[in-house]
Ligand code: K7E
Ligand code: CUA
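Structure representation (structure tokens):
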């Protein structure tokens with residue numbers, strides 16, 4: 079890893095000499111002077127710059143905080159690649175505007191109410207054997223206790239589940255080492271029953287916290303709510319959680335604050351929550367044997383609350399699956415080390431991080447050695463006897479991530495606005511770096527797995543203050559990229575994020591992700607199953623049943639079938655569209671003006687929009703993605719007629735004047751274009767193009783377009799034979815449209831082959 083820094087340095091040094099000749103007018107020194115850049119700046123730039131056409135080493139998935147979305151960006155370039163709509167409608171992706179995605183969002187309804195936002199905090203990538211496998215992403219919604227499942231084959235949200243017993247959550251989403259369970263801990267204690275009031279005076283008796291273990295069915299790609307269960311916990315504000323791994327696999331850890339169980343109420347003259355919730359010196363780390371909890375659940379040792387299985391505290395205590403360890407007050411992060419031997423806890427109001435030894439915890443439990451019980455009878459293990467060490471790091475330590483080097487950890491210091499690099503085995507501070515400002519979480523590459531990758535760290539700061547051009551009182555977020563490949567950390571880059579507060583983020587080696595580029599034609603992308611509404615070319619139809627007009631349509635450059643949809647006022651209109659394209663990145667959109675519907679039709683996808691045609695009028699529909707030269711012409715009309723309206727007899731469309739000369743010009747244009755196509759085809763087939771799957775796909779798509787020509791050619795020739803020059807010209811024009819699309823694909827394939835070293839074989 080040292081090599082990287084050194085290599086970049088050499089490149090810059092070499093660049094200083096070379097650039098002048100390569101770029102002519104301005105030398106690198108000129109640019110440095112003009113832009114007031116130092117050598118250090120250039121080195122940082124060379125470590126983050128990803129040249130045009132090149133890709134990033136890692137992909138980060140960041141919570142989008144109050145936006146209810148997930149932000150995907152590349153590292154080290156910090157280029158944003160996508161916002162994934164999760165808990166919040168996202169119109170570009172049609173999320174919340176087509177019926178298929180509305181069904182996903184409907185999974186997140188609570189008490190019959192739509193909830194159209196979320197407070198996303200902690201994303202988690204699925205793991206196999208404790209290592210990121212790049213298949214799924216999970217994220218929690220703190221405000222409305224929910225977990226979402228995103229499939230990384232297409233980066234789409236597939237499922238939202240509502241926690242059946244919590245009223246808020248925080249300690250999720252984190253996955254077990256084989257992703258058979260996803261953990262979600264509650265935050266603010268409340269009655270577990272839904273729609274049930276108890277006065278705050280009964281807080282200790284009736285209010286509860288808890289932790290839920292969601293069963294993940296990897297084959298279905300969905301959480302199985304019926305196989306999921308919770309454990310009742312005391313009304314301490316449970317906070318973050320983590321699963322054990324390696325030697326600690328089978329256990330989970332959830333910390334808490336406000337174990338004082340203080341209830342504020344300044345309006346009644348009581349000191350506020352913040353005073354009462356931090357009065358004691360310690361709070362509690364919950365230590366849970368979750369594998370044994372699964373057994374108890376399977377044995378039916380649960381109570382149904384709101385129809386959901388809950389292992390009650392009494393059972394958990396009796397069965398010996400629940401323990402507490404005092405931890406320094408108001409802790410926030412709890413992070414299991416990659417080797418699974420230690421649990422690192424940081425307290426916001428303590429300058430230390432505490433490193434607990436899993437071995438020592440097990441020894442105390444085996445020996446039945448407890449220092450006391452909490453008010454609910456949960457055995458309390460001694461903090462002193464289970465600590466491996468405590469390390470003084472600085473003010474406001476929060477979260478910890480790990481390096482690829484053994485024993486090396488990084489902890490965020492919120493109050494100091496710093497990152498501390500330290501050795502958790504030996505309890506030594508190694509380095510510190512300032513960040514801007516008030517860092518919350520931090521992220522190293524695959525840094526919470528059993529196999530962290532080193533290289534980079536991103537500081538997710540709570541405040542940006544003066545770092546960017548001002549854009550009003552609401553500032554962007556600041557993600558700062560830090561190079562951790564050397565002994566000293568160096569700050570490389572500030573990235574503004576113009577979305578909600580990022581809490582946690584996770585980053586995975588880019589080559590572990592294998593997203594698809596097209597769906598099988600007629601796929602409902604939200605269920606990953608064939609849509610019953612998908613049709614192929616030629617199968618399009620429009621039906622009327624009672625007051626419902628239903629359209630099974632298709633989209634392909636540059637037209638929809640059908641191009642006219644007729645309805646009467648008051649009809650229900652249902653439009654299914656299938657994108658017939660096979661070419662990469664040939665997405666079409668679909669909207670009907672003023673009806674608040676939108677689809678994003680990636681190649682092969684089938685989507686549906688539904689609405690009531692409640693107003694007479696003429697409503698254009700059109701494609702919302704600039705998909706081809708004739709994208710603007712990818713259009714049609716929804717005609718909403720008065721009830722019982724009939725056309726007058728013998729009306730026809732206005733005619734345009736076309737002549738035989740016009741037709742001849744069309745034929746010439748077609749012949750010229752065919753010459754271009756022929757030369758491109760000759761080039762492609764003279765190479766080993768079959769060795770390039772991307773090119774094979776383009777060639778398939780080109781033949782698909784060319785294959786439509788004979789039919790249409792027959793039409794213009796038949797019209798010409800009848801001297802119907804209008805139809806002859808227009809059908810000839812359509813031939814040319816297919817030629818243009820064929821040529822476009824052919825030229826793209828040719829460029830690709832030239833740039834990727836195709837060999838001549840003929
Ligand atoms: Cu903002 Cu993990 Cu929800 Cu810490 S959390 S900062
Ligand atoms: Cu299809 Cu624009």
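In the working numbering, the protein residues as written are 79 to 840. Here a beta-carbon is modelled for each residue, glycine too, at the ideal position from N, C-alpha and C. Since we're looking at a predicted model, the values are computed, not measured.
The criterion of a C-beta distance shorter than 7 Å is satisfied by residue 538 and residue 519.
Under the three-state reduction of DSSP output, residue 187 falls in the coil class, being neither helix nor strand. The continuous alpha helix (DSSP H) containing residue 740 extends over residues 738 to 763. By the CB criterion at 7 Å, residue 164 and residue 226 fall inside the cutoff. A straight-line Cα-Cα distance of about 38 Å links residue 570 and residue 296. The region 468 to 475 makes contact with the region 421 to 432, as at least three CB pairs between them are under 8 Å.
Residue 326 and residue 419 have their C-alpha atoms some 7 Å from each other. From the listed residues 766, 775, 815 and 243, the smallest Cα separation to residue 791 is found for 815.
Counted as a single uninterrupted DSSP element, the beta strand (DSSP E) harbouring residue 508 occupies residues 506 to 512. Comparing alpha carbon positions, the residue from 244, 145, 302 and 436 closest to residue 328 is 436.
With 16 or more neighbouring CB atoms inside 10 Å of its own CB, residue 488 falls in the buried class. Note that the C-beta distance between residue 681 and residue 660 is below 7 Å. By the neighbour-count definition (other C-beta atoms within 10 Å, threshold 16), residue 275 is an exposed residue.
It is roughly 8 Å from the alpha-carbon of residue 293 to the alpha-carbon of residue 257. The region 689 to 706 makes no contact with the region 755 to 767; the number of CB pairs closer than 8 Å stays below 3. Judged by their CB atoms, residue 261 and residue 250 are nearer to each other than the 7 Å cut-off.
In the structure shown, residue 550 adopts coil according to DSSP, grouped into three states. The three-state secondary structure of residue 110, taken from DSSP, is helix. Excluding five sequence positions before and after residue 672, the CB atoms of its chain that fall closer than 7 Å to its own CB belong to 697, given in chain order.
When secondary structure is reduced to three states using DSSP, residue 773 falls in the helix class.
Under the DSSP definition of a beta bridge, residue 390 lacks any partner. Look at residue 582: its beta carbon is less than 6 Å from one of the heavy atoms in the ligand K7E.
Fully contained in the region 518 to 581 are the following beta strand (DSSP E) runs of length 3 or more, in chain order: 532 to 539, 555 to 561 and 568 to 575.
Taking non-hydrogen atoms of the ligand CUA into account, the C-beta of residue 677 is found less than 6 Å away from none of them. For residue 440, the uninterrupted alpha helix (DSSP H) run begins and ends at 436 to 444, by DSSP. If you look at residue 676, you'll find it isn't in any beta strand (DSSP E); DSSP assigns it neither H nor E. Rounded to the nearest whole angstrom, the C-alpha separation of residue 267 and residue 242 is 14 Å. Counted as a single uninterrupted DSSP element, the beta strand (DSSP E) harbouring residue 140 occupies residues 136 to 141. The nearest non-hydrogen atom of the ligand K7E is 6 Å or more from the C-beta of residue 514. Taking each of 111, 801 and 200 in turn and checking the Cα distance to residue 140, the smallest one comes out for 200. A contact is defined here as three or more CB-CB pairs under 8 Å, and the region 488 to 497 fails this definition with respect to the region 438 to 454.
Relative to residue 234, the option among 283, 190 and 150 whose CA is nearest is 150. For the ligand K7E, no non-hydrogen atom lies closer than 6 Å to the CB of residue 666.
Residue 303 sits in a strand when the DSSP states are folded into three classes. Our two residues, residue 546 and residue 511, have alpha carbons roughly 20 Å apart in a direct line. Per DSSP, the continuous alpha helix (DSSP H) segment holding residue 788 begins and ends at 787 to 799.
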